Amino acid sequence: CMPGMTGYELLKKIKESSSFREIPVVIMSSENVMARIDRCLEEGAEEFIAKPVKLSDVKRLRDYYMASREVRSV
């Protein structure tokens with residue numbers, strides 16, 4: 436829980452910002468509810484990871500973003 440705003444509100448602010456909108460957002464939450472996951476993805480999150488986060492989740496994200504970064508630099 437964040438003081439002052441919800442995660443949805445923060446995601447919206449990030450995606451509306453000209454400075455931050457290109458930064459990939461990964462949501463991590465213990466609320467593993469499909470409707471909430473879908474909402475996050477529809478509102479611009481790149482990924483959703485259910486807590487507790489597993490090392491395999493982090494490695495998968497790392498590999499994905501490192502590969503996509505290499506493609507963009509070519």
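Going left to right, the sequence shown walks through residues 436 to 509 as the working numbering numbers them. Glycine included, each C-beta is placed from N, C-alpha and C at the ideal position. Being a predicted model, the structure only gives us computed values, none of them experimental.
Go ahead and pull the three-state DSSP assignment for residue i.
{"i": "Val468", "result": "coil"}
{"i": "Ala502", "result": "helix"}
{"i": "Ile458", "result": "coil"}
{"i": "Glu482", "result": "strand"}
Run the CB neighbour count on residue i, radius 10 Å, all protein chains shown included, and call it buried at 16 or more, exposed below.
{"i": "Ile458", "result": "exposed"}
{"i": "Ala480", "result": "buried"}
Our contact map puts residue i next to residue j with C-beta atoms below 8 Å; I'd like the distance itself, whole angstroms only.
{"i": "Glu524", "j": "Val461", "result": "Past the boundaries of the shown model lies residue 524; the chain is included only from 436 to 509, so the question cannot be answered."}
{"i": "Asp492", "j": "Ile484", "result": "5 Å"}
{"i": "Leu445", "j": "Met437", "result": "7 Å"}
Flag residue i as yes when its Cβ comes closer than 7 Å to any non-hydrogen atom of the ligand ADP, and as no otherwise.
{"i": "Met501", "result": "By its list of ligands, the structure shown contains no ligand whatsoever, and the ligand ADP lies outside what it can speak to."}
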